[in-house]
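Have a look at the structure below before the remarks.
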Amino acid sequence: MSAAALVVLTGAGISQESGLDTFRDPNGIWSKYRVEDVATPEAFARDPCKVHAFYNMRRRNLLAGHVKPNAAHAALAELERRWPGEFLLVTQNIDDLHERAGSTRLIHMHGEMRKVRCTACGAVVPNDTDLSVDAACDACAKAGGLRPHVVWFGEMPLEMARIGEALSGCDLFVSIGTSGNVYPAASFVAEANAAGARTVELNLEPSLARSHFAETRYGKATEIVPAFVAEVLATH
Ligand code: APR
C-alpha cells in the first residue's frame, strides 16, 4: 500500500502570530479597507495609485525585520521534509513565510506579494520595491503596466487544476488558519471528503466550514500545529 497523500491548506491565521494582520478578525484588514477599493480589477482600473499604495504598505510590513516565520510555519516545513508520501501545501496567503520556513512543495493560489506581473508582456518577476503607475517592466521595458502578482476578488485563483488533482487523491486534508469565507478554498474540504480523506481543521475558532471536517482542534497555530505535526509524523 503506497504512503498516504497529504494536502495542507493555510490562511491568514497561520501568519497572525508572526505579526501579519488577518482579514476578518476584529481590527483585520477588511475592517480598515474596503475590498472594492483595493482588491478587485475594477478598483485597479479606477484608482491604481490607491491599490499600489495598499500593497506597497503590506509589502513593506512583510519585509520589516520583525516579521518572521513562526513555529507553525516551521512545523509544516518539517512535515514536508519527513512525510513519506505525496505532499502539497496550498496557501491563500501572499506572504512568503512558508518559503522562509523551508516549505518547497507549495502553491500560492492567491499570488505572492513579493512578485510583480506585467499586464503588457505577462512576465512575473520578484519585486520588493514600491510599485507605481509609471514603473517600467524589467522584461519588456513598458512603463505603466505593472500590477501586484496577487489574485483579486473576481479573478481565478492560480494552479486550480494541480490543486484539484491533489485533493482528488489525498488521504489526509488539513486546513489551518482560515475562516472558510472565500471560495474556492472553502470548498477544498468537500473535495477531500469526496476523495475519502481524513479531514482536520486547526484554527483559533470554528470556521464557516467547521461542519465539513471530521476532526477539529482549536487554539493558536503556534501551539496546535506543531503538536498535530508531531502526532501525525509519529503515526505515518
Ligand atoms: N492561530 C490560528 N488561527 C488563527 C489565529 C492564530 N493565531 N489568528 C486568527 N486565526 C484564524 C481566525 O479565527 C480566522 O478563522 O484565522 C482565520 C483567518 O480568517 P480570515 O481573516 O478570513 O483569512 P483567510 O481565511 O485566510 O481569508 C481568505 O480572503 O480576503 C481574502 O485573499 C484574502 O486569502 C484571503 C482570503
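So the sequence shown is numbered by my numbering: it starts at 16 and just counts up by one.
Every residue, glycine too, gets a C-beta built ideally from N, C-alpha and C.
For residue i, which three-state DSSP category applies?
| i | result |
| --- | --- |
| K83 | coil |
| L173 | coil |
| T25 | strand |
| Y233 | strand |
| N218 | strand |
CA-CA distance, residue i and residue j?
| i | j | result |
| --- | --- | --- |
| Y198 | G26 | 12 Å |
| A135 | N76 | 28 Å |
| A229 | E220 | 15 Å |
| L217 | K157 | 45 Å |
| F168 | G100 | 34 Å |
| E174 | A19 | 22 Å |
| G234 | E32 | 12 Å |
| F243 | C64 | 43 Å |
| V140 | T37 | 26 Å |
| L182 | R132 | 28 Å |
Is any non-hydrogen atom of the ligand APR found closer than 7 Å to the C-beta of residue i, if you look at the structure I gave you?
| i | result |
| --- | --- |
| G169 | no |
| F188 | no |
| T193 | yes |
| F38 | yes |
| G34 | no |
| A27 | yes |
| S46 | no |
| S222 | yes |
| L219 | yes |
| K83 | no |
| G179 | no |
Tell me which same chain residues have a C-beta within less than 7 Å of the C-beta of residue i, skipping the five on either side of it?
| i | result |
| --- | --- |
| I178 | V105, I122, M124 |
| G195 | A201, S222, L223, A224 |
| S118 | L91, A92, E95, L104 |
| D52 | A58, K65 |
| P56 | W167, G169, E170 |
Cutting at 6 Å between CB atoms, please list the residues of its own chain near residue i, excluding the five before and the five after it.
| i | result |
| --- | --- |
| L248 | R97 |
My assumption, with CB atoms under 8 Å, is that residue i sits in contact with residue j. Please give the rounded CB distance.
| i | j | result |
| --- | --- | --- |
| T193 | V204 | Not confirmed; about 10 Å, so no contact. |
| R129 | P84 | In fact, because the Cβ distance is near 14 Å, the residues do not count as touching under 8 Å. |
Please go through the same chain and pick out, in chain order, the residues whose beta-carbon is closer than 8 Å to the beta-carbon of residue i, but skip the five residues on each side of it.
| i | result |
| --- | --- |
| G184 | A20, E101, A210 |
| V148 | P63, C64, H67, G159 |
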